[in-house]
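Enquirer:
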Amino acid sequence: MRIQGIHGSRAGAAPTAVPTVAESQATAHATATAAARRTAPLRVDAQRNLEHVLRAAREVFGELGYGAPMEDVARRARVGVGTVYRRFPSKDVLVRRIAEEETARLTEQARAALGQEEEPWSALSRFLRTSVASGAGRLLPPRILRAESRAESALRVPQQRTSAPGESAEAPARTEGGQPELRLVERAPAAAATAEGGSSAVYDGLDDDPGAAELLQVVGQLVERARAAGELRPDVTVGDVLLVIATAAPSLPDAAQQAAASTRLLDILLEGLRSHTGR
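When the letters of the sequence shown are read in order and numbered with the UniProt record's numbering, they come out as residues 1 to 279.
1. Could you give the distance in angstroms between the alpha-carbon of Arg264 and the alpha-carbon of Ser131?
2. So, at 7 Å on beta carbons, what are the nonlocal neighbours of Arg227 in its own chain, with the 5 sequence-adjacent residues on each side left out?
3. Three or more C-beta pairs under 8 Å: does that hold for the segment 86-96 against the segment 57-71?
4. Alpha carbon to alpha carbon, how far is Ala113 from Val218? Give it in angstroms, no decimals.
5. How big is the Cα-Cα spacing for Val53 and Ser125?
6. For a quick check, are the C-beta atoms of Ala74 and Gly65 less than 9 Å apart?
7. Between which two residues does the alpha helix (DSSP H) harbouring Ser125 extend?
8. Just verifying my parser: in three-state terms, what is the DSSP assignment at Arg274?
9. Between which two residues does the alpha helix (DSSP H) containing Ala212 stretch?
10. Can you tell me whether DSSP reads Leu232 as helix, strand or coil?
11. Would you kindly work out how many angstroms separate the C-alpha atoms of Gly211 and Leu140, rounded to a whole number?
12. Using the beta-carbon count (16 or more within 10 Å), is Thr247 buried or exposed?
13. Can you find the residues in the same chain that come closer than 6 Å, C-beta to C-beta, to Trp121, ignoring five residues on each side of it along the sequence?
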């Protein structure tokens, strides 16, 4: 430290202490270090609060649906509503975050079943069981089911049954009540190829959600394999499979009872999906 006199000062005045460059740098470093120590716990708290909010949102939306208010999410996370809104400016932003994460989780589970199970029915069954156990199916956005329903409608067309002997081919088949009888036929090869490619014309309305379209495509492969092997009923669609994982996890207060009920319900649903002719 250098001592510098001040010109023109009155006699006896103490000289001014001027810090050296090294001392100035040391002071600045100490100040920055102290500031970092003060802000580091805040960043940790913010990250912890975010994890609490996301976990609470999954639980609340899984139990009550996406119509549950943000106040319920904040209460479950044990934070103020303002904390939730600081990370998610609107409920739509939070819902999209949860839906995207759970859709991605289901897609990974479907890919794992597709790649690790050789038997088509085992692959489909594994996907259903892991998805129900994780609870991710309950957080599927409804638009995925709606889009899948439109896709199935585009890929399957009503067709009259084969005419009986002596019956005009042009005349529509009739039920006992005299109404024309219609049945669903398998999709055409061209349409099937379009579906496997994930065309936006098939999955209408999912152009802005590639994750959802990818889920439908991968689950579609599981369904097609099981159907081609004769293990799956021919009328079962991707939408039916997604409906199973969205509803086969009942919410019960006791965790053990819920697990047992989910397993039992899924066993019944799987039996209903399976083709008896292929067994």
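Positions of the beta carbon are idealized from the N, C-alpha and C atoms, including for glycine. All values reported here derive from a predicted model rather than from experimental measurement.
Expert: So, to answer that:
1. Within the sequence shown, residue 264 is the residue found at index 264, counting from 1. Within the sequence shown, residue 131 is the residue found at index 131, counting from 1. Those two C-alpha atoms are separated by around 15 Å.
2. Taking the first residue of the sequence shown as 1, we reach residue 227 at position 227. Same-chain partners within the cutoff: Pro234.
3. Yes, the segment 86-96 is in contact with the segment 57-71.
4. Counting from one through the sequence shown, the residue named residue 218 turns up at place 218. Counting from one through the sequence shown, the residue named residue 113 turns up at place 113. In a straight line, the C-alpha of Val218 is about 10 Å away from that of Ala113.
5. Locating residue 53 in the sequence shown gives position 53, counting from the first residue. Locating residue 125 in the sequence shown gives position 125, counting from the first residue. Cα to Cα, the separation comes out at about 32 Å.
6. If you number the sequence shown from 1, residue 74 lands on position 74. If you number the sequence shown from 1, residue 65 lands on position 65. For Ala74 and Gly65, no; Cβs fall outside 9 Å.
7. For the purposes of this step, residue 125 is taken as the residue at position 125 of the sequence shown. Looking at the DSSP string, the run of the alpha helix (DSSP H) that includes Ser125 is Pro120 to Ser134.
8. Locating residue 274 in the sequence shown gives position 274, counting from the first residue. For Arg274, the three-state secondary structure derived from DSSP is strand.
9. On the sequence shown, position 212 is the one that residue 212 refers to. From DSSP, the alpha helix (DSSP H) with Ala212 extends over Pro210 to Ala228.
10. One-based indexing of the sequence shown puts residue 232 at position 232. Judged by DSSP in its simplified three-state form, Leu232 adopts strand.
11. Residue mapping note: residue 211 aligns to position 211 of the sequence shown, counting from 1. Residue mapping note: residue 140 aligns to position 140 of the sequence shown, counting from 1. When rounded, the distance between both Cα atoms is 11 Å.
12. Here residue 247 is taken as the residue at index 247 of the sequence shown, counted from 1. Label assigned to Thr247: exposed.
13. Residue 121 sits at position 121 when you count from the first residue of the sequence shown. Close CB contacts of Trp121 within its chain, under the 6 Å cut and outside five residues either way in sequence, are with Ala226 and Glu231 (chain order).
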